[in-house]
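Asks: Residue numbers (my numbering): 10 to 759. Glycine is no exception: its CB is placed at the ideal position from the N, C-alpha and C atoms.
1. Going by DSSP, name the residue or residues bridged to residue 246.
2. Skipping 5 residues on each side, what residues in its chain have a beta carbon closer than 8 Å to that of residue 346?
3. How long is the line joining the alpha carbons of residue 308 and residue 212, rounded to whole angstroms?
4. When burial is assigned at 16 or more other CB atoms within 10 Å of the CB, is residue 165 buried or exposed?
5. Are the region 401-412 and the region 443-457 in contact at 8 Å, needing three or more beta carbon pairs?
6. Would you list, in sequence order, the uninterrupted alpha helix (DSSP H) runs of no fewer than 4 residues that lie entirely inside the region 578-630?
7. Would you say residue 252 and residue 627 are within 8 Å of each other, going by their C-beta atoms?
8. Rounded to whole angstroms, what's the CA-CA distance from residue 263 to residue 25? Just pull it up for me.
9. Identify, in the order they occur along the chain, each residue of the same chain with its Cβ nearer than 6 Å to the Cβ of residue 701, setting aside the five sequence neighbours on each side.
10. Provide the residue span of the alpha helix (DSSP H) that contains residue 8, from first to last.
11. Can you check DSSP and say which residues form a bridge with residue 323?
12. Keeping to the same chain, check which residues put their C-beta closer than 6 Å to that of residue 719; ignore five residues upstream and five downstream.
13. Can you tell me whether residue 62 is buried or exposed? The criterion is at least 16 other CB atoms within 10 Å of its CB, across all chains shown.
14. Name the DSSP bridge partner or partners of residue 532?
15. Assess, as a yes-or-no matter, whether the region 373-386 is touched by the region 455-468 under the definition of 3 or more beta carbon pairs within less than 8 Å.
16. Beta-carbon within less than 8 Å of residue 31's beta-carbon, same chain only, minus the 5 sequence neighbours each way: which residues are those?
17. Just mark residue 705 as buried or exposed, buried being the case when its beta carbon has 16 or more other beta carbons within 10 Å.
18. On a CA-only basis, which of 398, 611, 266 and 185 is nearest residue 679? Give me that one, please.
19. Using DSSP with H/G/I as helix, E/B as strand and the rest coil, what is residue 47?
20. Can you tell me the Cα-Cα spacing of residue 421 and residue 472, whole angstroms?
21. Where does residue 364 land, buried or exposed, given buried means 16+ other C-beta within 10 angstroms?
22. With burial defined as no fewer than 16 other Cβ atoms inside 10 Å of the residue's Cβ, what is the status of residue 275: buried or exposed?
23. Which two residues bound the contiguous beta strand (DSSP E) that contains residue 335?
24. Among all the DSSP beta bridges, which residues are the ones paired with residue 383?
25. Using CA coordinates, which residue listed in 192, 674 and 666 is at the minimum distance from residue 595?
26. Over the uninterrupted beta strand (DSSP E) stretch that includes residue 505, give me the two end residues.
27. Are residue 350 and residue 507 closer than 8 Å when you measure CB to CB?
28. Rounded to the nearest angstrom, how far is the Cβ of residue 224 from that of residue 658, given a contact under 8 Å?
29. Considering only C-alpha positions, which residue in the set 247, 589 and 474 is nearest to residue 379?
30. Which of helix, strand or coil does DSSP assign to residue 164?
31. For the region 619-637 against the region 214-221, do three or more pairs of beta-carbon atoms, one drawn from each stretch, fall closer than 8 Å, so that the two count as touching?
32. Do the region 640-648 and the region 230-247 meet, that is, are 3 or more Cβ pairs less than 8 Å apart?
33. From the DSSP output, which residues share a beta bridge with residue 348?
34. Measure the CB-CB distance between residue 405 and residue 467 and report whether it falls below 8 Å.
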């Protein structure tokens with residue numbers, strides 16, 4: 010792709026020189042053969058540039074797509090388990106995997122063309138303009154350093170703002186994610202207004218930060234257009250004076266002006282690239298912060314799992330930092346085949362202990378062995394086959410019951426599945442139909458049902474060591490007792506660890522430990538229960554009530570969900586709704602359209618006047634009229650730049666206000682929706698509507714609509730002007746424009 014675009018740029022740089030030769034040689038000497046030969050050569054060059062541009066677009070689109078896929082795959086594969094959870098929270102990981110990667114894709118897609126073509130046109134145009142007319146080159150040498158310094162200042166100023174904006178996006182994602190996952194709790198405690206107030210505060214912050222970030226670069230395009238257009242005017246005025254005095258030729262002026270137009274185009278594209286770069290470089294740094302994390306667990310361990318199942322912790326200490334110890338001098342032995350009960354308050358280190366045993370966390374002090382072998386020496390697949398864990402947060406994956414049950418044992422037979430389901434007492438709501446669908450996160454099962462399926466999943470691989478981390482907290486006590494009895498009968502020599510807040514769940518364990526503040530503060534057995542009774546009396550309130558979650562049909566079992574069918578978008582209603590958000594800004598939009606009309610017509614008129622200046626004033630030696638028209642052109646370009654600044658500023662503010670209003674209304678509507686909506690819609694789909702879809706609307710308001718309006722005015726205005734000059738040439742240009750449509754800038758897929 011870079012080679013193709015380099016070829017396209019080099020070919021484009023030849024056109025102004027060839028056009029100058031037509032004027033100075035062919036037309037001046039009335040040599041029509043030379044004119045036709047040169048014109049045919051220009052057409053061949055244009056076709057070749059067209060083909061090279063198409064090749065570049067195809068490759069750049071593919072490169073952006075593959076980069077996005079590879080980045081997301083790499084980010085999802087990185088193990089961050091033994092990193093401080095406060096360093097890379099879920100909401101920031103979501104933003105980095107989605108929004109930030111998309112920003113990088115956009116940058117790659119633009120860089121493939123912009124990073125090669127724009128600099129080549131810029132520097133090539135400078136070199137060629139100096140070669141064509143050294144006497145006019147001082148104009149460029151004055152204009153470009155001014156622009157370069159200003160661009161540098163703007164980029165330095167905008168980068169921190171885009172960093173702050175992406176950080177605020179993290180905050181918004183956290184609030185929206187919490188609202189989705191905690192919908193039941195929010196409605197149960199009537200916290201909708203509180204959530205909406207919190208969201209509105211952060212939504213306004215995002216609006217303010219985003220607006221500041223965009224407005225930081227809003228002066229770039231107007232200033233570049235002003236400086237370069239004034240440079241063109243200076244070239245016409247000064248060059249025309251030289252041409253009238255026979256110092257340079259008219260063709261040299263035309264070539265120089267055309268190179269200035271190429272430089273202007275390159276600088277404009279560079280501004281667009283800089284705006285994208287300012288945001289994408291921030292996103293790249295955020296993505297790199299995740300990529301820089303060590304994988305940790307994949308490379309270590311070479312031994313198979315040992316035969317024994319004795320677990321031993323020797324002087325084990327662990328913490329994400331030295332100032333934040335989580336486990337302190339843990340010494341513990343669990344003989345093979347015994348049951349260990351662990352009890353303790355929230356944050357006492359119970360779950361962290363198991364995370365070390367299963368090597369989810371790697372960096373600890375001390376020794377941990379299983380069957381006499383250091384767990385660091387055992388391969389992860391072998392260790393995780395020997396030890397399975399049933400967690401309190403019983404996550405089920407979208408698919409079927411069979412898919413979830415066989416997650417840890419892909420080759421499990423129907424008999425093994427049935428045995429695990431029976432032990433976990435899940436037969437009553439699953440039966441023998443393991444093809445029962447499972448919705449996102451198991452929403453169509455109650456909390457207790459999800460826990461029992463999760464436990465069955467841990468039992469089916471028939472591990473030597475089974476860990477139940479509050480795995481039956483949502484199960485009634487009677488069913489919990491049945492599950493423990495079934496576990497004992499199924500395999501008496503299995504080492505079992507039970508973590509629970511319920512004392513009855515651990516009363517029959519061979520060994521019981523109490524944890525507090527990362528330490529083992531007491532230990533004993535059922536025969537010496539009094540040693541730990543002082544600590545566990547707050548939990549010793551056995552609840553023998555049988556609680557069952559009943560579905561909407563009044564029967565146990567998975568709820569039958571009927572998601573809404575996807576229908577075609579009602580475009581008329583959508584446009585009316587968007588227009589409703591713009592109701593208070595309609596006057597501003599009318600001003601924007603008026604400003605855009607002026608700036609677009611100024612460009613069209615400027616190009617036409619440039620031709621008149623050459624044909625009527627320079628060639629005929631009308632110096633006074635040349636200076637008057639040049640002054641008028643300079644004034645028009647000055648007004649056009651000011652209008653462009655106000656147009657972009659107003660559009661940015663309207664787009665940010667509208668996006669914030671849409672986000673507010675969406676979030677407010679979420680607070681009023683019934684739970685049925687959340688149970689029948691994927692959280693990812695809802696999050697996407699609140700983030701990506703609103704961002705797309707923002708982009709459309711800031712860029713697409715104005716660009717469309719500008720394009721229509723430009724096409725109509727220039728079409729009329731060209732028809733007045735030459736209908737035949739206008740027809741040729743129209744055909745060429747249709748062809749170039751198929752090689753427009755690629756839109757990468759994400």
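Replies: Taking the structure as given:
1. Residue 246 pairs with nothing; no bridge assigned.
2. Excluding sequence neighbours, residue 346 sits near 318, 501, 502, 503 and 504.
3. Low confidence applies here, because residue 308 scores a pLDDT of 48, under 50, leaving its location unreliable; read the following figure in that light. The alpha-carbon atoms of residue 308 and residue 212 are separated by roughly 43 Å.
4. Counting Cβ neighbours within 10 Å, residue 165 comes out exposed, since fewer than 16 surround it.
5. Enough Cβ pairs lie closer than 8 Å, so yes.
6. Runs found: 580-590 and 595-621.
7. In contact: residue 252 and residue 627 (Cβ atoms closer than 8 Å).
8. Each residue's alpha carbon lies about 8 Å from the other.
9. Correct list: empty, nothing qualifies.
10. Beyond the ends of the chain as shown, which are 10 and 759, falls residue 8; an answer cannot be given.
11. Residue 323 pairs with 376.
12. Cβ within range, chain order: 605 and 609.
13. When all chains shown are included, residue 62 counts as buried.
14. Residue 532 pairs with 522.
15. Touching, no.
16. 43, 44, 47, 48 and 260.
17. Within 10 angstroms of the beta-carbon of residue 705 lie fewer than 16 other beta-carbons, which makes it exposed.
18. Nearest of 398, 611, 266 and 185 to residue 679, Cα basis: 185.
19. Residue 47 falls in the helix class under three-state DSSP.
20. Near 13 Å, if we compare the C-alpha coordinates of residue 472 and residue 421.
21. Buried: at least 16 other Cβ atoms inside 10 Å.
22. Looking at its Cβ environment, which holds 16 or more other Cβ atoms inside 10 Å, residue 275 is buried.
23. 333-343 is the extent of the beta strand (DSSP E) around residue 335.
24. In the DSSP output, where bridge partners are listed per residue, residue 383 has 378.
25. In this structure, 666 is the residue among 192, 674 and 666 with its C-alpha nearest to the C-alpha of residue 595.
26. For residue 505, the enclosing beta strand (DSSP E) stretches over residues 504-508.
27. Taking 8 Å as the Cβ cut-off, residue 350 and residue 507 qualify as a contacting pair.
28. Right, their Cβ atoms sit about 6 Å apart.
29. The shortest C-alpha separation from residue 379 is found at 474.
30. Here residue 164 sits in helix by DSSP.
31. Contact check between the region 619-637 and the region 214-221: fewer than three CB pairs, one atom from each, fall below 8 Å, which does not count as touching.
32. Short answer: they touch.
33. Checking the DSSP bridge columns, you'll see residue 348 partnered with 505.
34. Contact annotation: residue 405 and residue 467 have beta-carbon atoms that are not nearer than 8 Å.
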